[in-house]
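Asks:
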Amino acid sequence: MEAILAVVIGVLYATGLYLMMRRNIAKFIIGLALLSHGANLLIFTAGGLSRGLAPIIPEGAEAPAGIIADPLPQALILTAIVISFALLAFALVLFLRTHQEIRTDDMERLRSTDR
Amino acid sequence: MNAWLIAPVALPLFAAILSLVLRTRIRAQRIVSVGANATALAIALALFNAVRTDGILVLQLGSWPAPFGITFVADLFSAIMLVLSGLMGLAVSVYGLATIDEARERHGYHLLFHVLMMGVNGAFLTGDLFNLYVWFEVMLMASFVLLSLGGERAQLEGSIKYVALNFLSSALFLAGVGILYGISGTLNMADLSLVLDQPAHHGIINMVSMLFLVAFGIKAALFPLFFWLPASYHTPPHPVSAIFAGLLTKVGVYALIRVFTLVFRQDVDFTHQIILILAAFTMVTGVLGAAAQMDMRRILSFHIVSQIGYMVMGLGLFTELALAGAVFYIMHHIIVKTNLFLVAGVVQRLSGSNELKKIGGVYRAAPWLAVLFLVPALSLAGIPPLSGFFAKLTLIVDALRGASWVMAAVALSVGLLTLFSMTKIWNEVFWKPAPEGTQTLPLAAIPLRERIALLLPIIVLATCTVGIGLGAGWMFDLAQQTAEQLLDPRDYVNAVLGVTEAP
Numbered sequence: 013m014e015a016i017l018a019v020v021i022g023v024l025y026a027t028g029l030y031l032m033m034r035r036n037i038a039k040f041i042i043g044l045a046l047l048s049h050g051a052n053l054l055i056f057t058a059g060g061l062s063r064g065l066a067p068i069i070p071e072g073a074e075a076p077a078g079i080i081a082d083p084l085p086q087a088l089i090l091t092a093i094v095i096s097f098a099l100l101a102f103a104l105v106l107f108l109r110t111h112q113e114i115r116t117d118d119m120e121r122l123r124s125t126d127r
Numbered sequence: 082m083n084a085w086l087i088a089p090v091a092l093p094l095f096a097a098i099l100s101l102v103l104r105t106r107i108r109a110q111r112i113v114s115v116g117a118n119a120t121a122l123a124i125a126l127a128l129f130n131a132v133r134t135d136g137i138l139v140l141q142l143g144s145w146p147a148p149f150g151i152t153f154v155a156d157l158f159s160a161i162m163l164v165l166s167g168l169m170g171l172a173v174s175v176y177g178l179a180t181i182d183e184a185r186e187r188h189g190y191h192l193l194f195h196v197l198m199m200g201v202n203g204a205f206l207t208g209d210l211f212n213l214y215v216w217f218e219v220m221l222m223a224s225f226v227l228l229s230l231g232g233e234r235a236q237l238e239g240s241i242k243y244v245a246l247n248f249l250s251s252a253l254f255l256a257g258v259g260i261l262y263g264i265s266g267t268l269n270m271a272d273l274s275l276v277l278d279q280p281a282h283h284g285i286i287n288m289v290s291m292l293f294l295v296a297f298g299i300k301a302a303l304f305p306l307f308f309w310l311p312a313s314y315h316t317p318p319h320p321v322s323a324i325f326a327g328l329l330t331k332v333g334v335y336a337l338i339r340v341f342t343l344v345f346r347q348d349v350d351f352t353h354q355i356i357l358i359l360a361a362f363t364m365v366t367g368v369l370g371a372a373a374q375m376d377m378r379r380i381l382s383f384h385i386v387s388q389i390g391y392m393v394m395g396l397g398l399f400t401e402l403a404l405a406g407a408v409f410y411i412m413h414h415i416i417v418k419t420n421l422f423l424v425a426g427v428v429q430r431l432s433g434s435n436e437l438k439k440i441g442g443v444y445r446a447a448p449w450l451a452v453l454f455l456v457p458a459l460s461l462a463g464i465p466p467l468s469g470f471f472a473k474l475t476l477i478v479d480a481l482r483g484a485s486w487v488m489a490a491v492a493l494s495v496g497l498l499t500l501f502s503m504t505k506i507w508n509e510v511f512w513k514p515a516p517e518g519t520q521t522l523p524l525a526a527i528p529l530r531e532r533i534a535l536l537l538p539i540i541v542l543a544t545c546t547v548g549i550g551l552g553a554g555w556m557f558d559l560a561q562q563t564a565e566q567l568l569d570p571r572d573y574v575n576a577v578l579g580v581t582e583a584p
């Protein structure tokens, strides 16, 4: 399972970075989304995959019965998803405003602040 | 005093909520803004005093014991950064009273400013890597909106570049956090420092440390990752670029110094050598970039990059004296750089532009403003007895002691080129007569109340610069104590994990 996920993460990073290097801003934003999905899956995989139970100790017991799944990576991913959702929403609005203002979606034309 | 550690985060949050409630009443928002920032500075000073007398302060949020919950820690380094961010927040919020237009205020300028300060302070206080990520995002989210608020063409273009690279940096940071958790099973920095000390898997730790170096390097504008900075910092209104210039990249430097003194210290020969090389390139490219610019704020933006090189050079040399130099440099730089952007704002107000070719004659029109420019400008270049001289001196002395001749030579020549840029601004903006058809107003042309709001922060910050220079002995002792704490993290680790060492 780890091997499959590793390949998936690699593909997500590769496509994400490829799209980020395109000149089109819309593709760029899709690239950002893929990149953050890749990072989330990476946390999930690196945190250790196990077919465990929910980490709840039964009533009266001192320790959980059997193997449990580590809840922390899931909590981290949940937080990261919320944050990247907000960032993407902002990036889309920024793209929309830029498109309305400058009438282009080509990165190469956004160079007036570089000179 | 420990419970007060939450205040630098809670207070801006409260102020932000208050400005949201008061969003139609601009006067009330302004009062909240200045009041909250003044209180934040007072709290930061109290915390700093407590850390100096009682040692490291620790707050376990929700009373979860250390490696499991989120910890807020204030050692000397954090406390110094808190004081600086409080001072900058207050200075810029006063300055903003006279410069931010009502449309921006109505659309949440004050609210965002508070959120920005919350993110910055949270990043300085947290002792947990994932929590650091969250505070970075809080800070970035506020800075994205502050940068693009107003929607002018240049602002939108600058924002796209800024958002793009910072988003990438966050994704890399997150990946690093994930892998580190996979290796060590903890994200508490003090705990990580213990767990990673076992020499079991150096290779993978070095790999992760490079992920962190790139992620924080983008935020700190290290070579070759700095391009977003000079493309965006000159686009928003002056108070916004002043607070960005003063604090945001320094949060990146803070994070670099924190993780590379506390967590990644297993293979100093490898990691810190790379940092040192990057620092040299950062200094040189920044200062050469500045030499080619003809806009006041763009020159200053490139100088941020070159100055970051000095701070990171202190980390790369990794001796007590070098780290003391880096801490001293941060204290000096935050004050000076913010002040220069504030002066640029007044110049814009008087002559209508920041482009060197279009303006001139500011010395004739406003001689005192010229003096107020010279103090931070000469300090930036490292002229004694101002603060920048002692900061550079410490770093260069350490480079010479360690026989890093190249670093010493680079640091010295970059200082010279900095002086060149500053004299260029002086000649073009202040000394040469105003170009045909333009006119530079005297300071008296600005209404009295606005004049006070504009000049008071500049005067206070310039006084701080002179004060640091004159009280360099005291400041250096402080920086050295900080460096001792950074170089030997046992106290930090014990304070966080609640271990009392046997005597």
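Taken in sequence, the protein lines are chains A and B. For the first sequence, the working numbering assigns the number 13 to the initial residue and increments by one for each residue that follows. For the second sequence, the working numbering assigns the number 82 to the initial residue and increments by one for each residue that follows. From the three backbone atoms N, C-alpha and C, an ideal C-beta is built for every residue, glycine too. Because the structure is a prediction, the values reported are computed rather than measured.
#1: Report the three-state DSSP secondary structure of Phe308/B (helix, strand or coil).
#2: Measure the alpha-carbon distance for Thr116/A versus Arg445/B and round it to whole angstroms.
#3: Quick one: measure Cβ to Cβ for Pro93/B and Met198/B, integer angstroms, because I've assumed they're closer than 8 Å.
#4: Strictly under 8 Å for the Cβ-Cβ distance: is Gly263/B near chain A by that measure?
#5: In three-state terms, what does DSSP make of Ile80/A?
#6: Using DSSP bridges, identify the partner residues of Asn435/B.
#7: Going along chain A in order, which residues have a C-beta closer than 8 Å to the C-beta of Ser229/B?
#8: Grouping DSSP H, G and I as helix and E and B as strand, with all else coil, what is Val334/B?
#9: Between Leu423/B and Leu522/B, which are expected to be in contact by the criterion C-beta below 8 Å, what is the C-beta distance as a whole number of angstroms?
#10: Just curious, the alpha helix (DSSP H) that Ala553/B is in, first and last residue?
#11: Which residue's Cα is closest to the Cα of Lys418/B: Gln388/B, Ser290/B, Ala576/B, Val547/B?
#12: Would you check if the distance between the CB atom of Asp209/B and the CB atom of Leu268/B is smaller than 8 Å?
#13: Cβ of Lys300/B within 8 Å of Cβ of Val332/B?
#14: How about Ile533/B: is its Cβ closer than 7 Å to a heavy atom in the ligand SAM?
#15: Quick check on Leu325/B: does DSSP put it in helix, strand or coil?
#16: In chain order, what residues of the same chain lie with their CB nearer than 6 Å to the CB of Gly370/B, ignoring the 5 residues before and after it?
#17: Looking at the secondary structure, which residues open and close the beta strand (DSSP E) in which Gln141/B lies?
#18: If we ignore side chains and look at the alpha-carbon of each, how far apart do Met291/B and His49/A end up?
#19: In angstroms, rounded to a whole number, what distance separates the CA positions of Met32/A and Ser100/B?
#20: On the three-state DSSP scale, how would you describe Thr152/B?
#21: For the 8 Å Cβ check, are there 3 or more pairs between the region 229-248 of chain B and the region 113-123 of chain B?
#22: Measure the alpha-carbon distance for Leu497/B versus Ala472/B and round it to whole angstroms.
#23: Does Pro83/A have its Cβ less than 8 Å from a Cβ in chain B?
#24: Under 7 Å between beta-carbons, which chain A residues line up against Phe211/B? List them in chain order, please.
#25: Can you check whether the C-beta of Glu238/B is within less than 8 Å of a C-beta belonging to chain A?
#26: Thinking C-alpha only, which one of Arg532/B, Ala336/B, Gly170/B, Gly463/B is nearest Ala119/B?
#27: At which residues does the alpha helix (DSSP H) containing Ile68/A begin and terminate?
#28: Suppose the cutoff is 6 Å on Cβ atoms and the five residues either side in sequence are ignored; what does the same chain contact list for Gln561/B look like?
#29: Sort Val201/B, Leu535/B, Asn435/B by Cα distance to Val164/B and report the nearest one.
#30: In angstroms with no decimal places, state the Cα-to-Cα distance between Leu61/A and Tyr262/B.
#31: Excluding five sequence neighbours on each side, which residues of the same chain lie with their C-beta closer than 7 Å to the C-beta of Ala583/B?
#32: Give a yes or no on whether the minimum CB-CB distance between Phe293/B and chain A is below 8 Å.
#33: Per DSSP, Thr546/B is paired with what?
#34: Please confirm whether Val173/B and Ile324/B have their CB atoms less than 8 Å apart.
#35: Using beta-carbon positions only, say whether Pro311/B and Arg379/B come within less than 8 Å of one another.
Replies: According to the structure data:
#1: Residue numbering aside, residue 308/B sits at position 227 when the second sequence is read from its first letter. Three-state result, Phe308/B: coil.
#2: As a position in the first sequence, residue 116/A is number 104, starting the count at 1. As a position in the second sequence, residue 445/B is number 364, starting the count at 1. Straight across, the Cα-Cα distance linking Thr116/A with Arg445/B is about 44 Å.
#3: Within the second sequence, the letter at position 12 stands for residue 93/B. Within the second sequence, the letter at position 117 stands for residue 198/B. Pro93/B to Met198/B, Cβ: 4 Å. Contact.
#4: For the purposes of this step, residue 263/B is taken as the residue at position 182 of the second sequence. So, interface residue.
#5: As a working note, residue 80/A is residue 68 in the first sequence. If DSSP states are grouped into helix, strand and coil, Ile80/A belongs with the strands.
#6: In the second sequence, the residue the question calls residue 435/B occupies position 354. None; Asn435/B has no bridge partner.
#7: Here residue 229/B refers to the residue found at position 148 when the second sequence is read from its first residue. The answer, in chain order, is Leu106, Arg109.
#8: Here residue 334/B refers to the residue found at position 253 of the second sequence. Helix at Val334/B.
#9: Against the second sequence, residue 423/B aligns to sequence position 342. Against the second sequence, residue 522/B aligns to sequence position 441. Leu423/B to Leu522/B, Cβ: 18 Å. No contact.
#10: Along the second sequence, read from residue 1 onward, the residue named residue 553/B stands at position 472. That run of the alpha helix (DSSP H) goes 553-568.
#11: As a first step, residue 418/B must be located in the second sequence, where it is residue number 337. The candidate whose alpha carbon is nearest that of Lys418/B is Gln388/B.
#12: Residue mapping note: residue 209/B aligns to position 128 of the second sequence, counting from 1. Residue mapping note: residue 268/B aligns to position 187 of the second sequence, counting from 1. Closer than 8 Å, so yes.
#13: On the second sequence, position 219 is the one that residue 300/B refers to. On the second sequence, position 251 is the one that residue 332/B refers to. Yes, they are a contact pair.
#14: Although the ligand SAM was asked about, the structure shown includes no ligands whatsoever.
#15: By 1-based counting over the second sequence, the position of residue 325/B is 244. Here residue 325/B turns out to be Phe, not Leu, going by the sequence shown. Helix at Phe325/B.
#16: Against the second sequence, residue 370/B aligns to sequence position 289. Excluding residues within five positions, the ones whose Cβ falls inside 6 Å are Phe383.
#17: Numbered from 1 along the second sequence, position 60 holds the residue referred to as residue 141/B. From DSSP, the beta strand (DSSP E) with Gln141/B extends over 138-141.
#18: Numbered from 1 along the second sequence, position 210 holds the residue referred to as residue 291/B. Numbered from 1 along the first sequence, position 37 holds the residue referred to as residue 49/A. Between Met291/B and His49/A, the alpha-carbon positions lie close to 21 Å from each other.
#19: Sequence index remark: in the first sequence, residue 32/A carries index 20 (1-based). Sequence index remark: in the second sequence, residue 100/B carries index 19 (1-based). Their backbone Cα atoms lie some 37 Å apart in a straight line.
#20: Translated into positions along the second sequence, residue 152/B becomes position 71. Strand.
#21: No, the region 229-248 of chain B does not touch the region 113-123 of chain B.
#22: Stepping through the second sequence from its first residue, residue 497/B is reached at position 416. Stepping through the second sequence from its first residue, residue 472/B is reached at position 391. Rounded to the nearest angstrom, the two C-alpha atoms are 15 Å apart.
#23: Counting from one through the first sequence, the residue named residue 83/A turns up at place 71. Chain B contact via Cβ: absent.
#24: Along the second sequence, read from residue 1 onward, the residue named residue 211/B stands at position 130. Under the 7 Å cutoff, chain A gives Leu88.
#25: If you number the second sequence from 1, residue 238/B lands on position 157. Output row for Glu238/B: interface = yes.
#26: For the purposes of this step, residue 119/B is taken as the residue at position 38 of the second sequence. The shortest C-alpha separation from Ala119/B is found at Gly170/B.
#27: For this step, residue 68/A is matched to residue 56 along the first sequence. Run containing Ile68/A: none; DSSP gives neither H nor E here.
#28: Taking the second sequence and counting its residues from 1, the one referred to as residue 561/B is at position 480. For Gln561/B, where only same-chain residues beyond five positions count, the Cβ hits under 6 Å are Ala405.
#29: Taking the first residue of the second sequence as position 1, residue 164/B is located at position 83. Nearest C-alpha to Val164/B: Val201/B.
#30: Position 49 of the first sequence, counting from 1, holds the residue named residue 61/A. Position 181 of the second sequence, counting from 1, holds the residue named residue 262/B. The alpha-carbon atoms of Leu61/A and Tyr262/B are separated by roughly 13 Å.
#31: Locating residue 583/B in the second sequence gives position 502, counting from the first residue. Summary for Ala583/B: the model assigns pLDDT 46, below 50, so the residue's position carries little reliability, and this model does not support an answer.
#32: Counted from its first residue, the second sequence places residue 293/B at position 212. False, the Cβ-Cβ gap to chain A never drops below 8 Å.
#33: Counting from one through the second sequence, the residue named residue 546/B turns up at place 465. DSSP, once it has assigned bridges, lists no residue as partnering Thr546/B.
#34: Looking up residue 173/B in the second sequence gives position 92. Looking up residue 324/B in the second sequence gives position 243. The answer is yes: Cβ separation under 8 Å.
#35: Locating residue 311/B in the second sequence gives position 230, counting from the first residue. Locating residue 379/B in the second sequence gives position 298, counting from the first residue. Cβ distance < 8 Å, so Pro311/B and Arg379/B count as in contact.
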